[in-house]
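Worksheet: one structure, shown below.
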Amino acid sequence: MQTRAGNIIDSIEHSNKQEKWAERKVTEVFRESNLCPDTATRTKFEVMQENRANGAVGSHEVHQNTPMSWSTYHSYKSACIPLAVFAKTEGVHNIYEITPKMVSDFLIKTVDCGVKLVTFEKNCGAIEKFCACINEHNANNGGEVQDFHRVIDDYKDSAREALPASDFTSRAYDSPAEIVSGLADEKMQIVAELQYTCGLRVSDACHITPDMLKGAELTVNSKNGQLHTVTLSTELTGRVQAVMGSEGQFSVNVDKYTYQLKQACNAAGKEWHGTHG
Numbered sequence: 003m004q005t006r007a008g009n010i011i012d013s014i015e016h017s018n019k020q021e022k023w024a025e026r027k028v029t030e031v032f033r034e035s036n037l038c039p040d041t042a043t044r045t046k047f048e049v050m051q052e053n054r055a056n057g058a059v060g061s062h063e064v065h066q067n068t069p070m071s072w073s074t075y076h077s078y079k080s081a082c083i084p085l086a087v088f089a090k091t092e093g094v095h096n097i098y099e100i101t102p103k104m105v106s107d108f109l110i111k112t113v114d115c116g117v118k119l120v121t122f123e124k125n126c127g128a129i130e131k132f133c134a135c136i137n138e139h140n141a142n143n144g145g146e147v148q149d150f151h152r153v154i155d156d157y158k159d160s161a162r163e164a165l166p167a168s169d170f171t172s173r174a175y176d177s178p179a180e181i182v183s184g185l186a187d188e189k190m191q192i193v194a195e196l197q198y199t200c201g202l203r204v205s206d207a208c209h210i211t212p213d214m215l216k217g218a219e220l221t222v223n224s225k226n227g228q229l230h231t232v233t234l235s236t237e238l239t240g241r242v243q244a245v246m247g248s249e250g251q252f253s254v255n256v257d258k259y260t261y262q263l264k265q266a267c268n269a270a271g272k273e274w275h276g277t278h279g
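The sequence shown begins at 3 in this note's numbering and counts up by one.
Here it is as structure tokens:
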């Protein structure tokens with residue numbers, strides 16, 4: 003679970019400070035709703051019985067606001083921290099301001115990471131519980147109660163078609179050069195080349211400033227704040243420098259790149275394996 007969450011976080015350009023903020027806030031949300039084992043005031047069975055007595059129908063309603071075991075609590079935190087990181091990078095300063103649109107955009111990123119279906123559905127369950135806590139807080143404080151359930155349910159349905167039931171043995175494309183050449187936009191091609199020839203993560207390949215490129219040596223601040231240096235070909239160095247010369251830096255929207263790469267895969271008749279492939 004931790005490894006899977008890490009893969010999702012890798013697709014979001016963020017700082018260590020933002021990740022620590024996310025971890026702290028996710029903990030606060032679950033504790034405020036008394037769902038953490040050491041803050042729970044009622045047992046899971048008692049809450050389920052109360053929900054049924056209040057007319058709950060279906061598993062989602064019956065399990066609403068039920069406390070968690072320690073193992074479930076840590077698992078849910080692991081699934082929700084990447085969502086909080088994503089929200090923070092989208093400009094959220096108050097964790098309770100997360101919107102269904104943000105959850106929707108985050109789930110798109112999760113699918114792109116190529117997680118297996120069972121992991122995706124488990125994460126959706128955790129996120130749904132987290133969003134129920136947000137609604138509870140907002141309802142108690144005069145805020146807006148939003149429909150997160152519909153958004154999450156919609157993506158669970160679409161994920162059944164898009165995600166594998168088990169892990170890929172390999173996510174590498176058999177002829178990546180064909181996919182790269184299928185990208186019409188020059189900057190998108192450069193990002194794909196950086197991933198293909200230099201092995202860069204998508205977030206590292208999509209944002210390069212002049213101080214990061216010394217001749218053909220590119221140094222990126224990658225996963226867990228680790229500096230990673232790669233050597234670009236002469237041709238690729240020139241293409242990156244040309245963009246920076248006209249725009250001041252090399253910057254590409256990750257979501258737009260992902261979309262165009264997916265379209266290039268479809269055009270080449272290749273199965274979509276995410277940007278890591």
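We put the CB at the ideal spot given by N, CA and C, even for glycine. Model, not experiment: these values are computed from the prediction.
Measuring C-alpha to C-alpha distances from A244 to each of H139, I210, T221 identifies I210 as the nearest.
If you draw a straight line from the Cα of S77 to the Cα of H95, it comes to about 24 Å. Annotated three-state conformation of S71 is coil, per DSSP. Our two residues, L220 and N125, have alpha carbons roughly 35 Å apart in a direct line. In the DSSP annotation of this structure, E249 is not part of any beta strand (DSSP E); the continuous alpha helix (DSSP H) holding it starts and ends at 236-249.
Collapsing the DSSP output to three states places T199 in a helix. By the Cβ-count criterion, V87 is buried, with 16 or more other Cβ atoms from all chains shown falling within 10 Å of its own Cβ. The three-state secondary structure of S183, taken from DSSP, is helix. In the DSSP annotation of this structure, V147 is not part of any beta strand (DSSP E), being labelled neither H nor E. Counting the other CB atoms within 10 Å of its CB gives E195 a total of 16 or more, which places it among the buried residues. Taking all protein chains shown into account, S160 has fewer than 16 neighbouring C-beta atoms within 10 Å of its C-beta and is therefore exposed.
With respect to the 8 Å criterion, L202 and V232 are classified as neighbours on the basis of their beta carbons. The C-alpha of V222 lies about 40 Å from the C-alpha of S71. Per the C-alpha coordinates, the member of V193, L234, I192, I10 positioned closest to D107 is I10.
When the alpha-carbon of Q191 is set against those of R33, G145, V28, T277, the nearest one is in T277. For V232, the three-state secondary structure derived from DSSP is strand.
Counting along the chain, L220 sits inside the beta strand (DSSP E) bounded by residues 219-223. Q66 places its beta carbon less than 8 Å from that of A134. According to DSSP, K216 shares a beta bridge with E219. Around the beta-carbon of S80, 16 or more other beta-carbon atoms lie within 10 Å, marking it buried.
Cβ contact annotation for A207 (same chain, cutoff 7 Å, sequence separation greater than five): V193, L196, Q197, in chain order. Here S77 carries a helix assignment [DSSP, helix/strand/coil]. With a contact defined as Cβ atoms closer than 8 Å, K90 and Q20 qualify at about 5 Å. Membership of V28 in the alpha helix (DSSP H) is indicated by the continuous run 18-34.
With fewer than 16 other Cβ atoms from the protein chains shown falling within 10 Å of its own Cβ, L229 counts as exposed. Around the beta-carbon of T121, 16 or more other beta-carbon atoms lie within 10 Å, marking it buried.
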